[in-house]
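A.B. asks: Residue 264, in the UniProt record's numbering, is where the sequence shown stops; the numbers in between run on with no holes.
All C-beta atoms in this analysis are idealised placements derived from N, C-alpha and C, irrespective of residue type, glycine included.
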Amino acid sequence: MSAITLKSYEDRLRTHPSPLARRLLKIITDKQTNLCVSLDVQTKDELLRLADTLGPYVCVFKTHVDTVEDFTYESVIVPLVELSKRHNFLIFEDRKFADIGSTVRSQYTSGVFKIAQWAHITNAHALPGPGIIDGLFAGTKNINEERGLLLLAEMSSAGSLATGDYTDKTVDIARKNTFFTFGFIAQTRLGSPNEDFIIMTPGVGLDDKGDSLGQQYRTVDDVISGGSDIIIVGRGIFAKGRDPITESKRYRDAGWKAYTARVK
Ligand code: S5P
1 MSAITLKSYE DRLRTHPSPL ARRLLKIITD KQTNLCVSLD VQTKDELLRL
51 ADTLGPYVCV FKTHVDTVED FTYESVIVPL VELSKRHNFL IFEDRKFADI
101 GSTVRSQYTS GVFKIAQWAH ITNAHALPGP GIIDGLFAGT KNINEERGLL
151 LLAEMSSAGS LATGDYTDKT VDIARKNTFF TFGFIAQTRL GSPNEDFIIM
201 TPGVGLDDKG DSLGQQYRTV DDVISGGSDI IIVGRGIFAK GRDPITESKR
251 YRDAGWKAYT ARVK
């Protein structure tokens, strides 16, 4: 893939249509990190410990709170939000909504997790059509802080059906509300050159090629030179035998170096 030239994060934060994206671009610029760590752990102690120790190196922490076995709102979300303020990172609940607007609105705002209350970012499949964005956006009505949505336009897993026409139509759907839908989970740069979607890319690993369940990894250089804005890394940082602090610094440095080369 040929290298893509894009404006700096700092230039983009002045003009981005989404308040959440402007806040995110400011954090990236101030902390000089385009690393999102995927906190895929099963206990609240591990989640909070990692959020505290790795907080300085990331712009975003991505969570799957439904996999935390001892989850309670008070013991997980309250301290996590506190840590997000202390270390200046955003929280991204990787919920991958995929239902009709009315249902996703309830899933986003209610139940045990009340995602809209605390997750600055969440994501959704475009499969149900534009009503899914309307439903989620309606869920932000009484929230007095920036909220943003990413659509899954492409996936990292082998055999993904989110390609070609599906990806193009996902971009079209995102265009209907760029105040809220600020970007994509994707593997490539999407949107036209005069648009500014934030691309967050999972399936990033410097030491592995994939796992036994279909995950596929690309290098940091490959992903950022291809026009992605933020790398999402999970097991590259946490897998057994790896030191999360050492690996976070390594991915942060690699991500920033690749970005600096891109904006030159
Ligand atoms: O296409 C995708 C989209 C997502 S959000 N591929 C992914 O792997 N993800 C998520 O990124 C996945 O749910 C997991 O939480 C993370 C990748 O984790 P890793 O351990 O493979 O880096």
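With distance defined between alpha-carbon atoms, name the residue in ARG86, VAL112, ALA98 nearest to SER75.
C.D. replies: VAL112
A.B. asks: Is it buried or exposed, MET1, if we count other Cβ atoms within 10 angstroms and call 16 or more buried?
C.D. replies: Note that MET1 has pLDDT 46, beneath the 50 cutoff, so the model's placement of it is unreliable and no number is given.
A.B. asks: Closest to THR201 by C-alpha separation, out of ILE77, SER225, ASP211, would be which residue?
C.D. replies: SER225
A.B. asks: As an exercise, report each continuous alpha helix (DSSP H) stretch of at least 4 residues that is fully enclosed by the segment 42–85, in chain order.
C.D. replies: Complete alpha helix (DSSP H) runs here, min 4: 44–54.
A.B. asks: Could you have a look at ASP211 and say whether DSSP puts it in helix, strand or coil?
C.D. replies: coil
A.B. asks: Beta carbon of GLY55, beta carbon of LEU83: below 8 Å?
C.D. replies: yes
A.B. asks: Quick check on THR246: does DSSP put it in helix, strand or coil?
C.D. replies: helix
A.B. asks: Compute the distance between the beta-carbons of SER180 and GLY148, then report whether it is under 8 Å.
C.D. replies: The sequence as given places Phe at residue 180; Ser does not occur at that position. Result yes, Cβ atoms of PHE180 and GLY148 sit closer than 8 Å.
A.B. asks: Quick check on DSSP: helix, strand or coil for ALA21?
C.D. replies: helix
A.B. asks: Skipping 5 residues on each side, what residues in its chain have a beta carbon closer than 8 Å to that of TYR9?
C.D. replies: LEU25, ILE28, THR29, ASN34, ASP229, TYR259
A.B. asks: Tell me which residue opens and which closes the alpha helix (DSSP H) that LEU136 is part of.
C.D. replies: 131–138
A.B. asks: On a CA-only basis, which of THR43, LYS31, ALA254 is nearest VAL204? Give me that one, please.
C.D. replies: Measuring from the Cα of VAL204, the nearest candidate turns out to be ALA254.
A.B. asks: With a threshold of 7 Å, establish whether the CB of VAL233 neighbours any heavy atom of ligand 1.
C.D. replies: yes
A.B. asks: Can you give me the C-alpha to C-alpha distance between LEU150 and ASP40, rounded to a whole angstrom?
C.D. replies: 19 Å
A.B. asks: Output the distance between the C-alpha atoms of ARG252 and PHE61, rounded to the nearest integer angstrom.
C.D. replies: 13 Å
A.B. asks: Rounded to whole angstroms, how far is the Cβ of GLN107 from the Cβ of PHE97, which I believe are closer than 8 Å?
C.D. replies: 6 Å
A.B. asks: When DSSP builds the beta bridges, which residues end up paired with MET155?
C.D. replies: Paired residues: none, contrary to the question.
A.B. asks: Among the candidates LYS257, ASP196, ASP211, whose CA atom is the shortest distance from the CA of ASP221?
C.D. replies: Relative to the Cα of ASP221, the nearest Cα in the group LYS257, ASP196, ASP211 belongs to LYS257.
A.B. asks: CB GLU146 to CB THR188, shorter than 8 Å?
C.D. replies: no
A.B. asks: With a 10 Å radius around its C-beta and 16 neighbouring C-beta atoms as the bar for buried, classify ASN123 as buried or exposed.
C.D. replies: buried
A.B. asks: To the nearest angstrom, how far is the alpha carbon of LYS7 from that of ASN144?
C.D. replies: 30 Å
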